[in-house]
Amino acid sequence: MIRRYAIAISFVTIAFAMELLLQRFFPHLFLFQFFAAIVASAWYGGMGPAMLTVVVSILAVDYFFLPPVKSFVVDTTAGAYLASFVAAALAAGWVSSSRKKSEESLKEARAQLELRVAERTTDLQQSNTELRESERRLQILTEVIPQQIWSATSDGSVDYCNRRLLDYVGRSMEDMRGERLLETIHSEDRDRFRQSWQLALSSAQIFEGEWRVRGADGNYRWFFTRGVPLVGTDGKIPRWYMTNTDIEERKTAEQALMKTQAELAHLSRALTMGELTASIAHEVNQPLTAVVTYGHACLEWLSANPPNLGEARIAAEKIIEDGSRAGAVLSAIRALFKKEVPTKEWLDMNEVIRQLTVFLREEAVANQISIRTNLASDLPKVKADRIQLQQVILNLIVNAMEAMHASTGRLKEVVISSSKESSKNILVMVEDCGVGFGEEIADKIFNPFFTTKPQGIGMGLSISRSIIEAHEGRLWAVPRPSGGAIFQFTLQTGA
Numbered sequence: 185m186i187r188r189y190a191i192a193i194s195f196v197t198i199a200f201a202m203e204l205l206l207q208r209f210f211p212h213l214f215l216f217q218f219f220a221a222i223v224a225s226a227w228y229g230g231m232g233p234a235m236l237t238v239v240v241s242i243l244a245v246d247y248f249f250l251p252p253v254k255s256f257v258v259d260t261t262a263g264a265y266l267a268s269f270v271a272a273a274l275a276a277g278w279v280s281s282s283r284k285k286s287e288e289s290l291k292e293a294r295a296q297l298e299l300r301v302a303e304r305t306t307d308l309q310q311s312n313t314e315l316r317e318s319e320r321r322l323q324i325l326t327e328v329i330p331q332q333i334w335s336a337t338s339d340g341s342v343d344y345c346n347r348r349l350l351d352y353v354g355r356s357m358e359d360m361r362g363e364r365l366l367e368t369i370h371s372e373d374r375d376r377f378r379q380s381w382q383l384a385l386s387s388a389q390i391f392e393g394e395w396r397v398r399g400a401d402g403n404y405r406w407f408f409t410r411g412v413p414l415v416g417t418d419g420k421i422p423r424w425y426m427t428n429t430d431i432e433e434r435k436t437a438e439q440a441l442m443k444t445q446a447e448l449a450h451l452s453r454a455l456t457m458g459e460l461t462a463s464i465a466h467e468v469n470q471p472l473t474a475v476v477t478y479g480h481a482c483l484e485w486l487s488a489n490p491p492n493l494g495e496a497r498i499a500a501e502k503i504i505e506d507g508s509r510a511g512a513v514l515s516a517i518r519a520l521f522k523k524e525v526p527t528k529e530w531l532d533m534n535e536v537i538r539q540l541t542v543f544l545r546e547e548a549v550a551n552q553i554s555i556r557t558n559l560a561s562d563l564p565k566v567k568a569d570r571i572q573l574q575q576v577i578l579n580l581i582v583n584a585m586e587a588m589h590a591s592t593g594r595l596k597e598v599v600i601s602s603s604k605e606s607s608k609n610i611l612v613m614v615e616d617c618g619v620g621f622g623e624e625i626a627d628k629i630f631n632p633f634f635t636t637k638p639q640g641i642g643m644g645l646s647i648s649r650s651i652i653e654a655h656e657g658r659l660w661a662v663p664r665p666s667g668g669a670i671f672q673f674t675l676q677t678g679a
């Protein structure tokens, strides 16, 4: 503060000396030196030193330069001049001081801005460094994980594949960018891959699927792909991250299992039909016997004099009817023994049940077992493989009859019923009055090779459950409250 006021006094002194010097050469009064001193004092010292400069300048001008000289008395003319000087001096000091403050504030603001820019630049540099380090660590991690990993942008274009994936397909990263990944998918799976990928991109849902991918050796292997979207804070998806898992061995095992199940199903049908040979032979023999009988009758009617053509025609029609029935029986038996790829068709389940009860009627009578049906009249049709469903129902009925072989002193009856379980399912139940089973083995009886029969192989119920589940149904068993067992299964209808 002392320095600022001393500078102000110095400026006034210099202005005073310059004015005295000018008075020797020019008779007129020059006050611009004092204005300069006031402006300089306000600039360097602020408003306080400027006011001091104004006061000292006024006193110096009044005493030394305005008439009467060396007197503080001011006449009228000099008073107006002095008043103008005072006003101008105060204005100059205020303007200079304000300008100085504005420049200082501007410099301070500029310094603060530069400081913040520097800090922000430092933060950005640090963030970029950390981001590059994170990306480097992530890339190292993707190379270490024993998995094929790839990523894509929001529009589905592939932009990264880890080394394990590139080595498998035998390509460089440039050869996998965009949609060129599709070139490695098997041609039969390519459209399905594209549709699933586009659906995931449009719905922002998890991407999953199984397809064959060509390796560098030209061979295809099955892979399971799973992808998840990276959702930003704004709700948008900037990237997708995917993994490919090799499931070739699992697929091979599944195919081997399906083949084994098909072989076991064929074996089960053969074993079951072997037990029913006598009953089936009887069913075939009946229509054939009728054919022979009606044939002899037809000959007799034709041999009459005159020939009885009306009765002969009736006998011939009976021959055709029973011959067709025998052919239908043989066709059904042959279909049960054939190893064919399952073909699904719309079936009337009640019709399938009625056909099998006819097959089993003779064996049931021989074992003093009655077969009763309780079939719903409004049962909707189901789309299924006829031969496989015949095998399931045949197996359940035979098991029910075998469960009652040792029963004595009680009614032996198998009840087969059908009903609508819901608007989309039908329910088929096979009940017996046999020895039954406990709750603890209700699920075990469907396990492969588990059997309660000394002569059984334990595969019939296991295969039956596999067939029903392949038809998107459910097969289960419960103890019958009055003794025996209830086996039941559901199938989906076309509703």
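Here the sequence shown stands for residues 185 to 679, where the numbers follow my numbering. The C-beta atom is built at its ideal place from N, Cα and C for all residues, glycine as well.
Exercise. Taking all protein chains shown into account, do 16 or more other C-beta atoms lie within 10 angstroms of the C-beta of E547, making it buried, or fewer, making it exposed?
Worked result: Classification for E547: buried.
Problem set entry | Delimiting residues of the alpha helix (DSSP H) encompassing E232 | The amino acid at residue 232 is misidentified as Glu; the sequence shows Gly. Unbroken alpha helix (DSSP H) run through G232: 231-244.
Problem set entry | Residues near A499 by beta carbon distance below 6 Å, same chain, minus five either side | Around A499: Y478, A481, C482.
Problem set entry | Cβ pair count under 8 Å reaching 3, the region 565-574 against the region 594-608 | Output reads no: the region 594-608 does not touch the region 565-574.
Problem set entry | Neighbourhood of D532 by C-beta, 7 Å cutoff - its chain only, sequence neighbours within 5 removed | Exclusion of the five residues before and after D532 leaves K565 as the residues of its chain whose Cβ lies within less than 7 Å of its Cβ.
Exercise. Can you name, in chain order, every residue of its own chain whose Cβ lies under 6 Å from the Cβ of E495, other than the five neighbours on each side?
Worked result: W485.
For this session: Can you say whether A224 is buried or exposed, counting buried as having 16 or more other CB atoms within 10 angstroms of its CB?
Result: Buried, since its Cβ has 16 or more Cβ neighbours within 10 Å.
Problem set entry | Contact set for A388: own chain, Cβ-Cβ below 7 Å, skip 5 residues either direction | Closer than 7 Å at Cβ, skipping near neighbours: P413, I421.
Exercise. If you pair each beta-carbon of the region 346-355 with each one of the region 379-388, do three or more pairs fall below 8 Å?
Worked result: Pairwise C-beta distances place the region 346-355 out of contact with the region 379-388, as fewer than three of them are shorter than 8 Å.
Exercise. So what's I421 in DSSP terms, helix, strand or just coil?
Worked result: I421 carries a coil assignment under DSSP once its states are collapsed to helix, strand and coil.
Problem set entry | Cβ pair N312, I333 closer than 7 Å | Taking 7 Å as the cut-off, the Cβ atoms of N312 and I333 do not count as close.
For this session: Could you check which residue in G393, A560, L493, A400 has the C-alpha nearest to that of G411?
Result: The residue from G393, A560, L493, A400 with its alpha-carbon nearest to that of G411 is G393.
Exercise. Under the rule that 16 or more other beta-carbon atoms within 10 Å means buried, what is R396, buried or exposed?
Worked result: R396 comes out buried.
Exercise. Roughly how many whole angstroms lie between the Cα atoms of N551 and L472?
Worked result: The straight-line gap from Cα to Cα measures roughly 25 Å.
Exercise. The beta strand (DSSP E) spanning I629 covers which residue range?
Worked result: Counting along the chain, I629 sits inside no beta strand (DSSP E), nor does DSSP assign it H or E at all.
Exercise. What are the boundary residues of the beta strand (DSSP E) that T409 is part of?
Worked result: 404-414 is the span of the beta strand (DSSP E), which, as asked, contains T409.
Exercise. Can you tell which of G229, G232, T237, G230 has its C-alpha closest to the C-alpha of A221?
Worked result: In terms of Cα proximity to A221, the closest of G229, G232, T237, G230 is T237.
Exercise. Going by DSSP, what residues sit across from S386 in a beta bridge?
Worked result: For S386, which the question treats as bridged, DSSP gives no partner whatsoever.
Problem set entry | Whole-number beta carbon distance between V619 and A587, since they are thought to touch under 8 Å | Their Cβ separation, rounded to whole angstroms, is 6 Å, which keeps A587 and V619 in contact under 8 Å.
Exercise. Hey, would you say F219 sits closer than 7 Å to A276, going by beta carbons?
Worked result: For F219 and A276, yes; Cβs fall inside 7 Å.
For this session: Could you tell me whether the Cβ atoms of S648 and N579 are closer together than 7 Å?
Result: Annotated as proximal: S648 and N579, with beta-carbon spacing under 7 Å.
For this session: Helix, strand or coil for K565, going by three-state DSSP, please let me know.
Result: Here K565 sits in coil by DSSP.
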